[in-house]
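Position one of the sequence shown corresponds to residue 143 (the numbering used here), numbered consecutively onward. Ideal Cβ positions, reconstructed from N, Cα and C, are used throughout, including at glycine. Just so we're clear, the structure is a prediction, and the values are computed from it rather than from any experiment.
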Amino acid sequence: MRNLKVYELGPAIQALLTPSVKENGEMSPQDRKAWYQSENERLRFEEASRELFPVDEVAREYASLAKAVVMVLETLPDILERDCALTPTAVTRVQIIIDDLRDEMARKIQESDSDEGWPKNNSL
């Protein structure tokens with residue numbers, strides 16, 4: 143055991159798995175092509191296994207959820223007035239709160255549209 147060189151396995155494996163990089167930090171053309179091909183395969187696999195969703199599908203589901211919430215919020219004052227005998231003053235207060243909430247939801251959606259680059263959906 144004496145006089146044997148001991149090497150750490152972690153850095154050796156990392157060096158083998160890391161694409162070769164030139165001095166200026168760029169991959170060689172072959173490594174770059176292999177990396178992009180592997181990324182494309184990974185994305186296709188994640189999409190096929192439903193771990194990755196297309197942006198338009200996410201935006202469509204997001205809009206559908208927001209519309210359902212807004213629809214319930216819009217009918218809530220009438221339901222409270224009719225079924226719970228809420229006074230007109232209380233109904234007005236509920237309506238103001240709902241309007242503020244709806245406006246805040248619309249503002250947050252618009253902010254996320256501009257931040258994430260999602261397609262705009264101004265139906266709210």
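- A direct Cα-Cα distance of roughly 18 Å separates residue 236 from residue 210.
- For residue 205, the enclosing alpha helix (DSSP H) covers residues 197-226.
- The bridge partners DSSP lists for residue 247 come to none.
- For the 8 Å CB-CB criterion, residue 247 and residue 208 form a contact.
- For residue 223, same chain residues with a beta-carbon under 7 Å away, outside a window of 5 residues either side, are 233 in chain order.
- Boundaries for residue 170: no alpha helix (DSSP H) harbours it, and the DSSP string shows neither H nor E there.
- With respect to the 8 Å criterion, residue 249 and residue 212 are not classified as neighbours on the basis of their beta carbons.
- The C-alpha of residue 181 lies about 26 Å from the C-alpha of residue 256.
- 201 is the residue among 188, 230, 201 and 240 whose C-alpha sits nearest the C-alpha of residue 252.
- In the structure shown, residue 175 falls within a helical segment according to DSSP collapsed to helix, strand and coil.
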